[in-house]
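One structure below.
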Amino acid sequence: MAIFHLRMKKSKRGSKYTPPTAHLDYINRDEKYDKKEDLLFKEVRNLPEEFNDIKDFWKCAETYERKNSNLYRELEISLPREFTPEENKKMVDGFCENLFGKEYVYNYAIHNPKSFDGDMQPHVHIMFFERKIDDIKRDKDKYFKRYNSKNIEKGGWRKDKKWNERSTLKNIRKEWETFLNFELEKKGLEKVSAKSLKDQKRDAENNNDYKKVYELNREAINIDGKILYRKESELSDKEKVKKRIFIKSRILKAGTDLMKKLLEKLKKLEREYEDLKRDKIGDLENLERLRGLEESVRDIKKKMSKDKIENTVYNLMTDKKYYEFLNENKKIDKELKNTKDKKIVSAMVIKMGGVAEALSKMSFGNRLGFEINNKDVDLFSLKPASILIESTEELSYKNAIYLGEVTDKFEGKVNGENINLEEVEATWLNKLNPIFPYKLEEKIETYDIKNKISEKKIYKSSITIAKPRVVIAAFPGTNSEYDIYNRFNENGGEAKITLLRNLTQNHLTESVDEMCKDLKNSQIFVLPGGFSAGDEPDGSGKFMAAVLQNPKLMDEIKAFLDRDGLILGVCNGFQALVKSGLLPYGEIGNVHENSPTLTFNKIGRHISQIVKTKIVTNNSPNLLLNS
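Mapped onto the working numbering, the consecutive letters of the sequence shown carry residue numbers 284 to 910.
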């Protein structure tokens, strides 16, 4: 099973400083490291012709870079054991090309040593220089001088500040995750995640994957390679303890993975064994096969029951407390899933104002009342991680507390005391109304709109497909793509989220190509909502509209519309439709000074309210979505 490991280190002169030439010798297995036989490949990219080789380059960097500068950075990345050395090298080449291009000097070495569990441990060390390459030729020493913005020829290469930004490492990890998972998926292997164990555990909890929660319920343990591969006698007491903890954690993980494999193999063999038993064993071949299977099953069971590693893991995975935890959480999950069959009507997270705040806001929004009959509950205290639920019947899981009932009349009643919700709502709304008004008195304009609803004339798409394919374009800043994805899939569609990546020019080009490819085979194109480039008329939707005007994407959208494809825009997505010209003109780029646009409301800020609308025409394919 592939693992995700990527960390970035930097080399600065100091107590723990390793010169770049010494580190180069280590990763390239030169000089005193030449007895190590685990080097598979080594490569150098973008080296200026003034230098004899990469060692000459790093020696000059060490000599001429100022004393307080960072001489080099290194990426240390684990590679999949399941891949051939050539496949891993191809993946590393593609990743480096995408990350560095022709802009940075870098070299890498791929190693494949044996790990302590006896399996191979392929990984790559990538050394790179932070200064950005330009087209100016210099003497060797000049490349490492301080950058001169006024006279570029007199200074050295410019240091790229992005390597000091916190987001850079996060972006690199995400990029490697994408590269690795793309290749793993092609081989039918399980994907990996760049997220921390903590975040992976949280995701597993949200997805109700309790087995994975259990497997991830451990702390991430990192250790310096200098500690791991040194002799026990050379280590301090503190380093010895750290090494033992690390090895123990790795053994447990290895045992968990092995346990999974053994269980899968056992199930497969037992199925095959039962199939053969049901058949008539009439020849020697089948008889020998049966005996062989019996022996294999016995061997696996013996190993699972007696081997210390596997037995430890087995005991952990069958622990009584684990199953109690699992069953309790399944019960809670079952109750929460009742929202689908309308047992849970509404819910709200309890915040700083306690239950009273949640009750009030739910009542105001729905114009419903409540009657509380529970004197033991403090309505105003903090209740972290609590949810107020309105349900059609009393819920019966461990931590649920029954409060009372919802009433149709807009009145509150708490333990016999009546509350005028109209007065409470007015107090809540009017307190800040002089400063932040929520409504304005203005002249109401009315328009006579002809009712065009007709049973005879209904616009229908020429596309007749039982399960329409839906492309959802996720732009930087949008946040409703998963909701849209789930709704389409729940209602008979086949949705796919296409991510627009804009970290580099290559990312952007690849994303546009992927979007075009997806549109060719789809019937619905959705622009989701959120906060792409802000959420106000001057900025909202403009980035999305600009992307839509890419010539390649424009052509594909035109072809999409020509074959009766449907385009939907939600929130920011709707704004992008207007700013691109798709609304109202049905094509991109036909926008002029008299075109409709979006503007500010008279209050100058957002107000969330329910607006009643009336459908006056059925001449739209959108109505068919609800049929």
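Where a beta carbon is used, it is the ideal one built from N, C-alpha and C, also for glycine. Since the model is a prediction, treat every value here as computed from it, not as a measurement.
Taking the straight line between their C-alpha atoms, what separation do you get for residue i and residue j?
i, j, result
"GLU986", "THR747", "With the chain running from 284 to 910 in the structure shown, residue 986 is simply not present."
"LYS862", "TYR730", "26 Å"
"ASN657", "PRO751", "50 Å"
"ASP339", "ALA842", "56 Å"
"PHE663", "LEU642", "11 Å"
"LEU609", "PHE808", "For LEU609, the predicted model reports a pLDDT of 43, less than 50, meaning its position is unreliable and no value from the coordinates is stated."
"PRO759", "LEU783", "7 Å"
"GLN858", "GLY652", "37 Å"
"MET798", "LEU289", "29 Å"
"ALA630", "ILE672", "4 Å"
"ILE286", "VAL475", "6 Å"
"LEU810", "SER669", "34 Å"
"GLU515", "MET827", "59 Å"
"GLY384", "MET374", "14 Å"
"GLN806", "GLU777", "10 Å"
"LYS927", "GLN483", "Because the chain here runs from 284 to 910, residue 927 falls outside it and cannot be looked at."
"GLN892", "GLU728", "20 Å"
"GLU522", "ASN774", "58 Å"
"ARG846", "CYS379", "41 Å"
"ASP317", "MET410", "19 Å"
"GLU705", "ILE627", "26 Å"
"LYS895", "ASN649", "14 Å"
"SER665", "ASN785", "A small correction: the amino acid at residue 665 is Leu; Ser does not occupy that position in the sequence shown. Distance between the alpha carbons of LEU665 and ASN785: 42 Å."
"ASN909", "ALA749", "Unreliable placement is indicated for ASN909, whose pLDDT of 39 sits below 50; the coordinate value is still reported in the next sentence. The straight-line gap from Cα to Cα measures roughly 15 Å."
"ASN351", "GLY438", "18 Å"
Around the Cβ of residue i, are there at least 16 other Cβ atoms within 10 angstroms (buried) or fewer (exposed)?
i, result
"GLY887", "exposed"
"GLY864", "buried"
"TRP711", "exposed"
"LEU362", "buried"
"TYR768", "buried"
"GLY813", "buried"
"GLU458", "buried"
"ASN855", "buried"
"GLY824", "buried"
"LYS603", "Its pLDDT being 46, under 50, LYS603 is placed unreliably in this model, and the value from its coordinates should be taken loosely. So LYS603 counts as exposed."
"VAL524", "exposed"
"LEU366", "In the sequence as displayed, the identity of residue 366 is Phe instead of Leu. Burial call: buried."
"PHE412", "buried"
Taking the alpha carbon of residue i as the reference point, which residue from the options has its own alpha carbon closest?
i, options, result
"ILE393", "GLY471, ASP418, GLU793, VAL327", "VAL327"
"THR675", "VAL689, LEU662, LEU665", "VAL689"
"LYS415", "ASN884, TRP440, HIS889, GLU724", "TRP440"
"GLU473", "LEU463, LEU480, SER479, ASP482", "LEU463"
"LEU307", "GLU333, ILE435, LEU354, GLU332", "LEU354"
"HIS790", "MET291, THR346, THR461, THR301", "THR461"
"TYR426", "ASN395, ILE409, ARG349", "ARG349"
"LEU851", "GLY869, LYS526, LYS319", "GLY869"
"LEU467", "GLU370, LYS453, LYS481, GLN483", "GLU370"
"LEU330", "LEU831, TYR387, ASN490, PHE366", "TYR387"
"PRO720", "ILE890, ILE655, ASP424, ASP801", "ILE890"
"ASP418", "ASP402, GLU436, MET410, ASN489", "GLU436"
"ASP313", "PHE411, PHE465, ILE337", "ILE337"
"ARG900", "PHE465, ASN734, VAL754", "Sequence check: residue 900 is Thr here, not Arg. For THR900, the nearest C-alpha among the options comes from ASN734."
Provide the residue(s) that pair with residue i in DSSP beta bridges, ordered along the chain.
i, result
"GLY852", "LEU810"
"PHE653", "VAL689, GLY695"
"TYR391", "GLU326, ILE409"
"GLU356", "Sequence check: residue 356 is Arg here, not Glu. DSSP, once it has assigned bridges, lists LYS293, PHE411 as partnering ARG356."
"VAL660", "For VAL660, which the question treats as bridged, DSSP gives no partner whatsoever."
"ASN489", "In DSSP, ASN489 forms no bridge with anything."
"LYS442", "ARG414"
"VAL632", "ILE670"
"ILE780", "ILE755"
"THR675", "Answer by DSSP bridge pairing: none, since THR675 is not bridged."
"THR984", "Nothing can be reported for residue 984, as the shown portion of the chain is limited to 284 through 910."
"GLU700", "VAL697"
"LEU361", "Reading off the sequence shown, one finds Ser at residue 361, where the question assumed Leu. SER361 pairs with HIS406."
Report, in whole angstroms, the separation of the C-beta atoms of residue i and residue j, which I expect to be a contact under 8 Å.
i, j, result
"ASN311", "LYS325", "5 Å"
"TYR391", "HIS406", "With 8 Å as the limit, TYR391 and HIS406 do not qualify as a contact, their Cβ atoms being about 11 Å apart."
"GLU345", "PRO303", "6 Å"
"VAL632", "VAL660", "That belief does not hold up - the Cβ atoms of VAL632 and VAL660 are roughly 17 Å apart, past 8 Å."
"ILE684", "GLY695", "Actually they are not in contact, since the Cβ atoms of ILE684 and GLY695 sit about 18 Å apart, beyond 8 Å."
"SER356", "MET291", "According to the sequence shown, residue 356 is Arg rather than Ser. About 6 Å; that satisfies the 8 Å criterion."
"ALA757", "THR792", "Wrong, their Cβ atoms sit about 17 Å apart, outside the cutoff."
"ILE455", "LEU382", "7 Å"
"LYS885", "GLU725", "7 Å"
"ILE655", "GLY687", "4 Å"
"ASP443", "PRO396", "Not confirmed; about 32 Å, so no contact."
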